[in-house]
Amino acid sequence: MLTTKMLIIASNNKHKISELKSILSGSGFKVITMAEAGFFHNIEETGNTFEENAVLKARSIALQKHTFVFADDSGLEVEALDYRPGVYSARYAGEGASDMDKINKLLHELKGKTNRRARFVSVIAISRPDGSVDTFRGEVHGKIIDAPRGINGFGYDPVFVPEGYDKTFAELEEAIKNSISHRAKSTAKMLKVISSY
Ligand code: ITT
């Protein structure tokens, strides 16, 4: 049984952290960041899949801090690009590139392509203090438009329109994104399971 209701998020991405905190608000779990827990190291993402990277991030801190830790590894998979950038979404335009650099690169690669189908994937790994893990996958399907629209969210949000909507993730209210996103789905699956830990 999970006696302590505190969960550490293994992430340095402030937008991702803010979404996870807001998705988990009201869940009964107190969520704190790895920085708030006094952990400042950068964890290298050497895996080839979202699952491997999420596990790497969560487990390394859980083993060092002896507590429950969860991590989200996420990215954008674009059908016409053979599902790239995928696990390389954060580094798609090189280390330190801005969100706009990544979007420009994506739009350049998609120029002239009629198949605009894409999906965001989030895999959450939660590690127990002994390093044993569970993983949960969430996906949201949609399309990539020709030019960025909107200022909310982060990453590729300004060019992604989810199925059933005509606005991009960056135009939709945050509460709407947080109720339909890949991260909302992976987090909901995690919550169902960890309530019985
Ligand atoms: P942490 O590993 O510290 O959590 P990160 O940004 O490096 O932060 P990832 O390795 O999981 O995280 O990379 C995810 C990238 O995928 C992220 O930087 C965005 O470019 C993109 N991405 C993921 N979720 C997204 C979302 O909801 N909206 C837009 N882009 C997203």
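With our numbering as the guide, the letters of the sequence shown map in order to residues 1348 to 1544. In this text, a Cβ means the ideal position worked out from N, Cα and C, and glycines have one as well.
Distance between beta carbons of Pro1505 and Pro1495, contact taken as under 8 Å: Contact holds; Cβ gap of about 4 Å.
Considering Cα atoms alone, identify which of Leu1354, Ala1401, Ile1390, Lys1404 is closest to Ala1384. Minimum Cα distance to Ala1384 is reached at Leu1354.
Which residues in the same chain have their Cβ closer than 7 Å to the Cβ of Asp1448, if we skip the five residues on either side of it in sequence? Closer than 7 Å at Cβ, skipping near neighbours: Ala1440.
Under 7 Å, do Asp1419 and Ser1469 count as touching if we go by C-beta distance? Yes, the Cβ-Cβ distance between Asp1419 and Ser1469 is below 7 Å.
Rank Asn1525, Ser1526, Ile1498, His1488 by C-alpha distance to the C-alpha of Tyr1430 and give the top, closest one. Comparing Cα-Cα distances from Tyr1430 to each of Asn1525, Ser1526, Ile1498, His1488, the minimum goes to His1488.
What are the residues that DSSP puts in a beta bridge with Val1416? Its beta-bridge partners are Ile1355, Ser1474.
Quick one: using the 10 Å Cβ neighbour count with 16 as the cut-off for buried, is Ser1316 buried or exposed? Since the first and last residues shown for the chain are 1348 and 1544, residue 1316 lies out of range.
List the endpoints of the continuous alpha helix (DSSP H) containing Lys1539. Segment 1529-1541, the alpha helix (DSSP H) holding Lys1539.
Could you give the distance in angstroms between the alpha-carbon of Gly1375 and the alpha-carbon of Thr1461? So the two alpha carbons sit approximately 45 Å from each other.
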